[in-house]
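In this note's numbering, the protein residues as written are 4 to 576.
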């Protein structure tokens with residue numbers, strides 16, 4: 004029975020939300036100059052504003068957020084002095100995007116709503132469509148996905164009406180990223196791939212018109228392509244299709260590095276780090292994430308920075324380097340608090356609790372779990388609340404405080420049922436069964452195991468099904484109902500082999516062997532021990548190999564086959 008932890012799932016989800024924030028450099032303003040009759044000073048100001056605007060966009064895509072903010076503020080001031088409302092709206096859009104990435108969503112919405120009001124007053128439908136897209140990304144950053152989709156769909160419709168191909172591609176990529184954040188990966192990939200196709204076509208057209216178009220108009224299709232490639236790669240990761248993800252992330256990384264798109268390069272490296280980690284290449288994952296952190300820190304994009312710190316902490320946690328894990332988790336936690344990200348703060352607190360739990364520092368663990376639980380309840384994050392409740396239950400169970408453990412498990416179970424999380428409901432039912440089993444309340448234990456087993460089968464969760472089958476087998480074994488025990492162990496063994504779970508297979512083979520041994524069916528017992536021994540050697544499990552060799556030796560000794568016994572005893576040494 005392991006500790007509940009949402010670290011892997013959370014990291015992926017968070018990276019997806021981070022990705023969406025990056026699809027936001029503003030589209031090019033058109034005809035922001037002034038009429039020839041205007042005084043020379045005004046002309047100079049207009050030229051200065053356009054130059055500053057170009058600089059602001061360049062700073063944004065390079066990931067120089069503080070500089071981009073300052074440049075957009077200067078642009079805004081000049082256009083207001085000139086009374087150029089169109090230019091003012093575009094400058095406000097730029098500021099909104101920067102504020103969003105600086106995790107200042109309230110300010111972002113304020114300036115973007117000002118831009119939208121100006122564009123609607125001017126009858127600027129193209130600008131309106133673009134601004135609605137930016138506003139949609141802010142709502143997505145706040146995880147208000149229904150509102151984000153509503154605005155992005157409006158933006159897409161307007162862009163289609165006015166024939167703004169770049170805006171269409173941009174909106175589709177953002178819509179795809181929202182679907183990815185919601186776990187609707189088929190829809191996500193459909194929109195992202197549509198968006199990428201359109202952006203590539205726009206890029207070809209504008210490349211052919213390179214001599215006519217200003218630089219600022221030519222960089223956007225390429226920038227959005229990098230974002231779309233990252234989006235597709237991330238959607239493949241979240242849907243478990245890791246091999247497909249590599250192709251797109253390599254393209255995103257190469258394009259971002261070549262063009263100097265600091266923010267998108269940081270995202271590409273983060274996603275590649277997640278991929279390496281998922282494939283158990285922990286050192287490579289760590290190296291890639293540290294590179295991503297080095298690129299991201301100077302940008303001021305604290306949202307991505309804390310994400311990467313959390314992921315690095317996760318790798319150290321997996322490697323068993325718990326002090327380093329806690330250090331990185333604490334750095335991530337500090338940024339989450341600084342940004343006022345209460346939901347993420349709660350998740351970090353739970354995860355730090357898990358690390359202390361693993362080290363058997365139970366007082367520290369319970370302190371962090373209780374802090375996490377309070378925040379989960381405050382922000383009404385029931386999914387994470389149930390996770391932390393489960394962790395607290397396991398902690399009390401380890402300390403043999405069974406009444407406390409049952410109390411927290413029952414609270415977690417109620418939430419899983421309320422949310423319709425059948426898979427997790429089955430896990431908790433199994434764990435409640437274990438609590439009763441440890442108290443030798445076998446009828447109660449069997450009742451919960453059978454409930455768990457029914458759900459595992461209903462949701463086709465074979466891994467947990469085999470675990471519960473093994474638990475039922477052990478229960479019958481302790482009651483000396485060996486035929487029943489063997490029946491359940493054999494069912495578990497079949498699943499372990501089907502899903503290629505060699506660890507589970509070897510344990511179950513050992514349990515079956517012990518059952519036969521208890522019944523003095525030594526030949527059968529040796530047969531199963533030999534099968535277990537083969538697996539231990541195959542996976543280089545020396546401890547398991549030594550124990551099994553000793554068991555075989557003992558059985559030969561019982562049968563007075565002393566040469567065989569000696570042989571296996573010597574191998575076990």
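Where a beta carbon is used, it is the ideal one built from N, C-alpha and C, also for glycine.
Measure the CB-CB distance between residue i and residue j and report whether it falls below 8 Å.
i, j, result
"residue 251", "residue 236", "yes"
"residue 452", "residue 471", "yes"
"residue 657", "residue 48", "The structure shown does not extend to residue 657, since the chain spans only 4 to 576, so no value can be given for it."
"residue 295", "residue 273", "yes"
"residue 162", "residue 132", "yes"
"residue 68", "residue 291", "no"
"residue 188", "residue 231", "no"
"residue 229", "residue 259", "yes"
"residue 616", "residue 177", "Not covered by the structure: residue 616. The range shown for the chain is 4 to 576."
"residue 334", "residue 352", "no"
"residue 535", "residue 551", "yes"
"residue 288", "residue 269", "no"
"residue 436", "residue 448", "yes"
"residue 429", "residue 459", "yes"
"residue 445", "residue 431", "no"
"residue 157", "residue 192", "no"
"residue 233", "residue 267", "yes"
"residue 365", "residue 398", "yes"
"residue 492", "residue 507", "no"
"residue 285", "residue 321", "yes"
"residue 65", "residue 265", "yes"
"residue 82", "residue 91", "yes"
"residue 183", "residue 241", "yes"
"residue 519", "residue 562", "no"
"residue 99", "residue 59", "no"
"residue 496", "residue 478", "no"
"residue 558", "residue 529", "yes"
"residue 382", "residue 345", "yes"
"residue 304", "residue 576", "no"
"residue 271", "residue 255", "yes"
"residue 185", "residue 148", "yes"
Contact check, residue i vs residue j under 8 Å by CB: the rounded distance?
i, j, result
"residue 515", "residue 531", "5 Å"
"residue 130", "residue 172", "Not quite, the Cβ-Cβ distance comes to about 17 Å (not below 8 Å), so this is no contact."
"residue 476", "residue 457", "Incorrect: roughly 17 Å between the Cβ atoms, too far for contact."
"residue 578", "residue 282", "The requested residue 578 is not part of the displayed model; the chain covers only 4 to 576."
"residue 395", "residue 372", "5 Å"
"residue 392", "residue 368", "Going by Cβ atoms, the distance from residue 392 to residue 368 rounds to 14 Å, so no, they are not a contact pair."
"residue 115", "residue 169", "Not really, about 19 Å apart at Cβ, beyond 8 Å."
"residue 194", "residue 164", "Between residue 164 and residue 194 the Cβ distance is about 18 Å, and since that is not below 8 Å, they are no contact."
"residue 389", "residue 427", "7 Å"
"residue 152", "residue 174", "11 Å between Cβ atoms; not a contact."
"residue 565", "residue 555", "Not confirmed; about 13 Å, so no contact."
"residue 343", "residue 387", "Not really, about 17 Å apart at Cβ, beyond 8 Å."
(message) Report the start-end ranges of each alpha helix (DSSP H) in the stretch 293-375 that is 4 residues or longer and not cut off at the edges.
(response) 305-321, 325-342, 345-361
(request) Evaluate contact between the stretch 102-110 and the stretch 121-128, counting only Cβ atoms and requiring at least three cross-stretch pairs below 8 Å. (result) no
(request) May I ask you to verify whether the stretch 454-470 touches the stretch 490-508, counting CB pairs closer than 8 Å and requiring at least 3? (result) yes
(request) Taking 8 Å as the threshold, find out whether the stretch 69-78 comes into contact with the stretch 306-318 through three or more Cβ pairs. (result) no
(message) Measuring CB atoms only, is the stretch 376-383 touching the stretch 397-409, in the sense that at least three cross pairs come out at less than 8 Å?
(response) no
(message) Suppose only complete runs of 4+ residues qualify. What are the alpha helix (DSSP H) ranges in the stretch 471-539, listed by chain order?
(response) 485-501, 505-521
(message) If we require 4 or more residues per run, which alpha helix (DSSP H) segments fall completely within the stretch 143-180?
(response) 148-165
(message) Quick check on the DSSP output: what are the complete alpha helix (DSSP H) runs of length 4 or more inside the stretch 35-104, in order along the chain?
(response) 43-65, 68-85, 88-104
(message) Would the stretch 318-336 count as touching the stretch 344-359 if we require 3 or more Cβ pairs under 8 Å?
(response) yes
(request) Decide if the stretch 315-322 is in contact with the stretch 330-350; the criterion is three or more beta carbon pairs, one per stretch, under 8 Å apart. (result) yes
(request) Taking only runs that begin and end inside the stretch 374-436, name each unbroken alpha helix (DSSP H) of 4 or more residues, in chain order. (result) 385-401, 405-422
(request) Enumerate, from N- to C-terminal direction, the unbroken alpha helix (DSSP H) stretches of 4 or more residues contained entirely within the stretch 432-469. (result) 445-461
(request) Ignoring anything shorter than 4 residues or poking outside the stretch 212-279, list the alpha helix (DSSP H) runs there in chain order. (result) 218-241, 245-262
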